[in-house]
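Chains as they are written, first to last, in the numbering used here: chain A, 1 to 149; chain B, 1001 to 1149.
Notes follow once the structure below has been shown.
2 protein chains.
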Amino acid sequence: MIGEEFKLDNQLCFRLYTASRLLSQAYHPLLSEHGLTYPQYLVLLALWEKDAQPVNDIAKRLFLETNTVTPLLQRMEKEGILTRRKGEKDARQMIVSLTGKGQELQKKLADVPFTIGSAVICDSVTPETTPELFRMLDDIIGKLSAPKA
Amino acid sequence: MIGEEFKLDNQLCFRLYTASRLLSQAYHPLLSEHGLTYPQYLVLLALWEKDAQPVNDIAKRLFLETNTVTPLLQRMEKEGILTRRKGEKDARQMIVSLTGKGQELQKKLADVPFTIGSAVICDSVTPETTPELFRMLDDIIGKLSAPKA
DNA sequence: TTTCAATATATCGTTTGCGATATAAAAAGA
DNA sequence: TCTTTTTATATCGCAAACGATATATTGAAA
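What follows is the structure in structure tokens.
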């Protein structure tokens, strides 16, 4: 018999991995309609909150590395969603800004958060319990993203 | 000002996505030592529970599609971790079985669940609270993986 | 039986995700 | 000033994910 610790049903990571993938898939029909992917939508969320950010700030905000974010931003630039220009104070930086098209996408995607929200509501996940779920996930993220030194 | 529903801090999916990635990254040093990736580790968990499964059963168990699992299994076969042979009753199926090497990996990875477990323990995620966390994630997975018809 | 639909895998193309590495600019030290 | 180190991006290669599609078998229907 296999040890309990190796059973798929006892794995936190497998649950997070599956829930994350399935929920991202739920976004797909809503986003692809506008030529967007889920990570690109996350970039938009970051830029709608604060426009004209250097690549590094976006990467840190999304807990990603620049080697993931850079090609993603290049694709979005090619689509005319944002622009990338060299920083004036620091020439190493690339400042990412939304275009008009990027700003307008927010109106076009206005119903996405609500559509997704209603798709996940269930017995144990409700407006009352989500704060607790958020707290647990934030704690995990905080623990795992803490500086290793 | 941006609407509350668009703030990154209010997104369940972003949290799941981030927690999933960071926790998978925590597995990396433990698995790469044995030439494994995290999804390959999931396949091993499935096969350790029940050996000699058709591709479709493994895919369903992991909530993945065969177009993801097939190449993954082909790589693992090339590494000598498992074998793939045509089903006898149903010639469409490919039955996936562990090799000796695949079985021995379980002993070599014996400490992985405990190492990971201690890496995520924190204020809000403890042996007492994980059942509730599991229940919420399972509900989300159940809701999103339910047959669309 | 013959045809048609359903099932099981596989292939293809694109986008991520990420470790490793390269390059350029700024900051820190000697 | 002249190195040396750090920082900000970018490039490269490989392994997922996954939508779309192809192929082979099986099962069902006419």
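Idealized CB from N, CA, C, for every residue including glycine.
Only a predicted model underlies this, so the values are computations on that prediction, with no experimental measurement involved.
Neighbourhood of K1007 (chain B) in chain A, by CB distance below 7 Å: E49, in chain order. When DSSP states are grouped into helix, strand and coil, M1076 (chain B) belongs to the helix group. Residues are counted here when their Cβ sits less than 9 Å from a Cβ of chain A; for the segment 1118-1148 of chain B these are A1119, V1120, I1121, C1122, D1123, S1124, V1125, T1129, T1130, E1132, L1133, F1134, R1135, M1136, L1137, D1138, D1139, I1140, I1141, G1142, K1143, L1144, S1145, given in chain order.
For K1101 (chain B), the enclosing alpha helix (DSSP H) covers residues 1100-1108.
Remark: C-beta atoms of L16 (chain A) and L1137 (chain B) approach each other more closely than 8 Å. At a cut-off of 8 Å between C-beta atoms, R85 (chain A) does not count as an interface residue with respect to chain B. For T1018 (chain B), the closest Cβ of chain A is nearer than 8 Å. The beta carbon of Q1093 (chain B) sits closer than 6 Å to those of P1054, G1087, all from its chain and outside the five residues before and after it, given in chain order. Under a 10 Å Cβ-count criterion, P127 (chain A) is classified as exposed, with fewer than 16 other Cβ atoms of the shown protein chains found around its own Cβ.
With 16 or more other Cβ atoms from the protein chains shown falling within 10 Å of its own Cβ, T18 (chain A) counts as buried. Taken through DSSP and simplified to helix, strand or coil, P1127 (chain B) comes out as coil. Put simply, the CB of P54 (chain A) is far from chain B, with every gap to its CB atoms at 8 Å or more. A Cβ-Cβ separation of about 14 Å leaves G1102 (chain B) out of contact with L1031 (chain B) under the 8 Å criterion. The CB of L1022 (chain B) comes closer than 7 Å to the CB of F63, I141, L144, S145 in chain A, given here in chain order. When secondary structure is reduced to three states using DSSP, I1140 (chain B) falls in the helix class. For the pair A110 (chain A) and E1079 (chain B), the Cα-to-Cα distance works out to about 48 Å. For K60 (chain A), the enclosing alpha helix (DSSP H) has its first and last residue at 55-61. With respect to the 8 Å criterion, I1081 (chain B) and V1069 (chain B) are not classified as neighbours on the basis of their beta carbons.
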